[in-house]
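Printed below as a string of structure tokens:
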């Protein structure tokens, strides 16, 4: 069976459909959401499959969506229609089978049975082996700058079915709708589709091979690249020579301002930072930027202008804390979880205080929480600011930790103590 037939084979497309469905993403420019997607498949798939086999299928334009970047600013995503997402997922699944076995052992992003934690532990091991200078290479707008001709040349070395190359090329060129007109995409692999991660790994595998050929220690997670050296001079040579290779051979742009050599204590990798233990070895800490991003999410959930009830706030916080703890559980410093819990509880107490509104309501609610009448009256009429009150002993007594837990607050500290299997 040729590659295109394997891609369109019923079991592969069924897996692709289940994956798209489980991701619960929104629809594309055709306006079809998940509720109507199954009916669309039943009506249109036989014709679309025939068009793909005949080489005449044309993907729909992408729907542009802006998302906030953790470092500030926005990132443009290109959201395919659900039908194109399913087809892309089907292609990605077969390409993964074809390529994953030849990828570098130092590549951890968007690969089966590989994850960021493995990359972080490998990085920590390199630092503790004496590779105490880190080369952080920042690829400027990587996903937007991928050269189509170079990528297709790479793909043609392993993919002999020209129909698949043609289909991938059409997905690369599928532009976004702008003012009602579809603009053809001349470079880049649009973020937002299932095909982009595997294509980026295929392209950057050329960088992995070059680094291995030169004998460098490195960790790569998608376009996050960190190379390890034993000396400052060596790290500077690596930064210079590898930057030239990336720009000359891979035809990508290196951000010379953000790319740098650092010591472990000043570096950031996949949301973590390194620190030196008392015994001289290095461990992992949660990066300051990751903590800021977490707090920003909590602020959004607990903001008064967010039109949701307390039950929904607790649900969203529980989901956030589960995911956040599971990612950052490699951190050696456990006290940060208790510190953040204290801050989140203060935000929750602030929600209650603002929710009550008037002094009369506040006094009544404080009494219900067991605060004596005179104290309840005094605090409900205070001129102190809301944030200051949220940190007061009176609200800590009214809404103690056990009360907030009963209401639904799942703390980071609790997650760090209880078995992961419960969550």
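In our numbering, the protein residues as written are 13 to 435. For each residue, glycine too, the CB sits at the ideal point set by N, CA and C. All figures in this text were calculated on a predicted structure; none of them were measured in a lab.
Looking only at DSSP bridge pairs, what is residue i linked to?
{"i": "residue 148", "result": "238, 272"}
{"i": "residue 281", "result": "284"}
{"i": "residue 75", "result": "91"}
{"i": "residue 440", "result": "Here the chain has residues from 13 to 435 only, and residue 440 is not among them."}
{"i": "residue 212", "result": "Looking at the DSSP assignment, residue 212 forms no beta bridge with any residue, so it has no partner."}
{"i": "residue 119", "result": "232"}
If we count the other Cβ atoms within 10 Å of its Cβ and call it buried at 16 or more, is residue i buried or exposed?
{"i": "residue 26", "result": "exposed"}
{"i": "residue 29", "result": "buried"}
{"i": "residue 109", "result": "exposed"}
{"i": "residue 58", "result": "exposed"}
{"i": "residue 300", "result": "exposed"}
{"i": "residue 229", "result": "buried"}
{"i": "residue 13", "result": "exposed"}
{"i": "residue 373", "result": "exposed"}
{"i": "residue 68", "result": "exposed"}
{"i": "residue 161", "result": "exposed"}
{"i": "residue 344", "result": "exposed"}
{"i": "residue 416", "result": "buried"}
{"i": "residue 434", "result": "With a pLDDT of only 38 at residue 434, under the threshold of 50, the placement of this residue in the model should not be trusted, and no figure is reported."}
{"i": "residue 351", "result": "exposed"}
{"i": "residue 124", "result": "exposed"}
{"i": "residue 306", "result": "buried"}
{"i": "residue 97", "result": "buried"}
Whose C-alpha, out of the options, is nearest the C-alpha of residue i?
{"i": "residue 148", "options": "272, 303, 166", "result": "272"}
{"i": "residue 117", "options": "139, 291, 304, 233", "result": "233"}
{"i": "residue 338", "options": "199, 111, 255, 128", "result": "128"}
{"i": "residue 370", "options": "356, 72, 290, 391", "result": "391"}
{"i": "residue 146", "options": "396, 416, 238, 401", "result": "238"}
{"i": "residue 195", "options": "75, 96, 223, 143", "result": "75"}
{"i": "residue 94", "options": "150, 133, 134, 37", "result": "37"}
{"i": "residue 19", "options": "171, 214, 414", "result": "171"}
{"i": "residue 152", "options": "264, 168, 245", "result": "264"}
{"i": "residue 1", "options": "304, 92, 62, 16", "result": "There is simply no residue 1 to check, as the chain begins at 13 and stops at 435 in what is shown."}
{"i": "residue 399", "options": "361, 105, 52", "result": "361"}
{"i": "residue 223", "options": "100, 250, 312, 334", "result": "250"}
{"i": "residue 215", "options": "115, 356, 255", "result": "115"}
How would you write the range of the alpha helix (DSSP H) that residue i sits in, first residue to last?
{"i": "residue 288", "result": "Per DSSP, residue 288 belongs to no alpha helix (DSSP H); it is in the beta strand (DSSP E), 284–288."}
{"i": "residue 425", "result": "424–429"}
{"i": "residue 59", "result": "46–66"}
{"i": "residue 409", "result": "405–410"}
{"i": "residue 246", "result": "244–260"}
{"i": "residue 25", "result": "22–35"}
{"i": "residue 413", "result": "413–419"}
Flag residue i as yes when its Cβ comes closer than 8 Å to any non-hydrogen atom of the ligand MG, and as no otherwise.
{"i": "residue 262", "result": "In terms of ligand content, the structure shown is empty, and the ligand MG therefore cannot be addressed."}
On the DSSP letters alone, give me the boundaries of the beta strand (DSSP E) that residue i sits inside.
{"i": "residue 229", "result": "229–233"}
- Query: Whole alpha helix (DSSP H) runs in the region 127–190 with 4 or more residues, listed along the chain?
  - Reply: With a minimum length of 4 residues, the continuous alpha helix (DSSP H) runs that stay inside the region 127–190 are 128–140, 154–157, 160–170, 174–185.
- Item | Completely contained alpha helix (DSSP H) runs for the region 295–368, where each covers 4 or more residues | Secondary structure within the region 295–368: the alpha helix (DSSP H) runs of 4 or more consecutive residues, fully enclosed, are 300–314, 322–340, 347–368 (chain order).
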